[in-house]
Ligand SMILES: [Zn+2]
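Residue numbers (this note's numbering): 3 to 881.
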């Protein structure tokens, strides 16, 4: 056990910073054995909170070489250095501090602060990485103007980048050179960035709405020069969209994107210099799948949008992380919806939320969108902060309407430009711009847990009235046993016997009767009565998933089939299909001998596969069966093996009975034309590859030849990887081996494709995968220092290969624990993220619980466990 417990930090303890930094002048000397950082800080006591306080700066793993106050060296007795801080007791109200530190970027495996990746220097400072570079008040409410001079060997590092505009460059002795960057906008230090390397540059330009020309530059390794076009195109579309939809114009003269192979996160929005994980920015038709193209578009947009929602207006403290992340995820999902299929986009967002965020909300790490406490802030880059946070902003958009929301966001940016603020100030701007009281709505930020809304209805034939009653409740979560009702925008429609949308005439409401209404639930129980109805309607509940809640209503299978066909809300048509399939899978779990699948499901899927007039983007989503992860989330005590068996039986029956329709669907959607990531083409490829995977699931011979042909003749990665995945998951032993070998031989020099090759194998539900996964860890392309490789093997196994990870003998749990322990010492952020599949052990059946708990205990027993892993493991085992 560790000797001292990490400290918990509380929101209620927030105090203003005692010192403000007006200006930071940095000079980096980069060498092969380390880096010297010269920092000159213009400091000033904060008039609102700095009286009498000593100066205390954060620092981590730094060697202090020099310290001067107003040009005078400080005596050693005048300051104290600890492993995490530098403290000077006596300082004037306004002064200059010169600090020189020595750091070791080449030994930095945590990938926080300044580190080396594939021969280049780069940084990651969010949340608390800047303190690994130099001593500084490392908190987001200290905003300063930065200038940065970078010096390095010119041959090895011809490109030297930092935030802002480049104002000076020149030659130095010994073949070295320098570039100086000046960022005119005050920023918190987590937005600082530096890159030095031998990179190729791709250029483009963008003309803003006021006519300014912006220089767009993308920097990648030379071998990736041809993989930049889609990211640059996405960037320009994001810039235009943010002007049109939010009225936000870009502010610097240059916008830069850099691709880095070793990166803990997806990407980082550093001011003017976004740094991306290579897997989230590089694309080409023959190496990136449709999903990768969509991810690149969304992440490029996300990071760009942060320039306003995050950089110009930033967070006061890390408890407010959702202020920038929830709002920006909402913005990027609006953007993606506008660029592609809005219904498909909504379905993808909700599927992720309901599977993974709902699981988080009911587990030991459950926390409000604005948390009250944390030990390690890196553990709070969660689905609750990002995805639920985005849903909360989306509800504001629904309640205010598009124009009211725009008025609110305009006011927010106008009021707080250049400030570090809280989620409360965001809601206040919405209130003030719309003249609404959102006191109750603020509970979405304060209460953890997923609200449950139980709906009951009754129809009065004589009066022609229909009543809907809503009861809301929120389960207890760690630290919050009592919950209050929340403000839930609940969109509904009513559907008549012939599938027609009915007018929603509320009793006592003389206004129009629209075909869709957003009911505002604010009390524990509320009833709404609709009049003018001849027959009992079928309710379409929570249209477009208008709030992140669980709906309980006693649908019959016939009602769900009816909604699948007639609901005018595309999201709810998909959702009805999911509910129906879940119901059928769950009933098979209860009767393991039953082999017959409800024939109505087969009929419904036959209709989906055969009717080419339907929206194909929606059809391809409707054909995806509920995932095992979602079925686990829905279970009270999940038995993974029986979930897997029941789901597989449904898939088998559907594939066997619809075999001819699958072949026809495959042929109809085959397209040998040039690759384009358009919504229509993406839907067609997805349909075709779903059909293929189902055919191979039943070992169909014709399916097999189609897959082999597709694998060898594919003109794009979506089709090649689709065929490979289908073959790898099939029983055609020779084909799986030969296609895996051929794929690796073809792409062994492309790290992103090799990562796909790893994850397709690690996620395969076939028996014996764990041995194969262990072998992959020995493969020459595997690298323990590269987070993408770890995610593509260990992450894919524990997160997607649920039947093998939850193997009855506990081998999957022991495997994960062993590797978390090893990674804890080198990269604690990544190690802590890998713990997640074990955390909800209490929600599993007895056959799983003991093994999961034992794995957590084994991890907890490691001496000097990192703060990151300690927090997740101890919270999982507590209570
Ligand atoms: Zn973000």
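We treat Cβ as the ideally placed atom computed from N, Cα and C, and that holds for glycine.
Starting from the Cα of residue i, find the closest Cα among the options and give me that residue.
i, options, result
"residue 241", "257, 415, 230, 226", "257"
"residue 113", "102, 93, 135", "135"
"residue 846", "806, 639, 707", "639"
"residue 321", "665, 382, 576", "382"
"residue 647", "287, 388, 670, 594", "594"
"residue 437", "206, 413, 698", "413"
"residue 468", "541, 491, 563", "541"
"residue 272", "156, 161, 158, 148", "148"
"residue 457", "67, 523, 409, 506", "523"
"residue 719", "759, 506, 802", "759"
"residue 50", "22, 586, 31, 60", "22"
"residue 853", "465, 809, 772, 345", "809"
"residue 338", "673, 216, 350", "350"
Buried or exposed: where does residue i fall if 16 or more other Cβ atoms within 10 Å of its Cβ makes it buried?
i, result
"residue 545", "buried"
"residue 715", "exposed"
"residue 12", "exposed"
"residue 18", "exposed"
"residue 836", "buried"
"residue 550", "buried"
"residue 260", "buried"
"residue 623", "buried"
"residue 188", "buried"
"residue 770", "exposed"
"residue 312", "buried"
"residue 3", "Per-residue confidence for residue 3 stands at a pLDDT of 43, beneath the threshold of 50, marking its modelled position as unreliable; the derived number appears in the next sentence. Label assigned to residue 3: exposed."
"residue 669", "exposed"
"residue 797", "buried"
"residue 820", "exposed"
"residue 165", "buried"
"residue 598", "exposed"
"residue 460", "exposed"
In three-state terms, what does DSSP make of residue i?
i, result
"residue 700", "coil"
"residue 424", "coil"
"residue 177", "helix"
"residue 65", "strand"
"residue 352", "helix"
"residue 15", "helix"
"residue 623", "helix"
"residue 480", "coil"
"residue 317", "strand"
"residue 840", "helix"
"residue 709", "helix"
"residue 241", "helix"
"residue 467", "strand"
"residue 879", "helix"
"residue 3", "Its pLDDT being 43, under 50, residue 3 is placed unreliably in this model, and the coordinates cannot settle the point."
"residue 194", "coil"
"residue 57", "strand"
"residue 48", "coil"
Using a threshold of 6 Å, is the CB atom of residue i nearer than that to any non-hydrogen atom of ligand 1?
i, result
"residue 389", "no"
"residue 386", "no"
"residue 441", "no"
"residue 327", "yes"
"residue 330", "yes"
Could you round the C-beta distance between residue i and residue j to whole angstroms and report it? I think they count as a contact, below 8 Å.
i, j, result
"residue 830", "residue 785", "Their Cβ separation, rounded to whole angstroms, is 18 Å, which puts residue 830 and residue 785 out of contact at 8 Å."
"residue 283", "residue 302", "7 Å"
"residue 359", "residue 385", "4 Å"
"residue 487", "residue 474", "6 Å"
"residue 392", "residue 332", "4 Å"
"residue 619", "residue 681", "6 Å"
"residue 16", "residue 374", "Incorrect: roughly 11 Å between the Cβ atoms, too far for contact."
"residue 762", "residue 727", "5 Å"
"residue 309", "residue 252", "7 Å"
"residue 406", "residue 435", "7 Å"
"residue 799", "residue 764", "4 Å"
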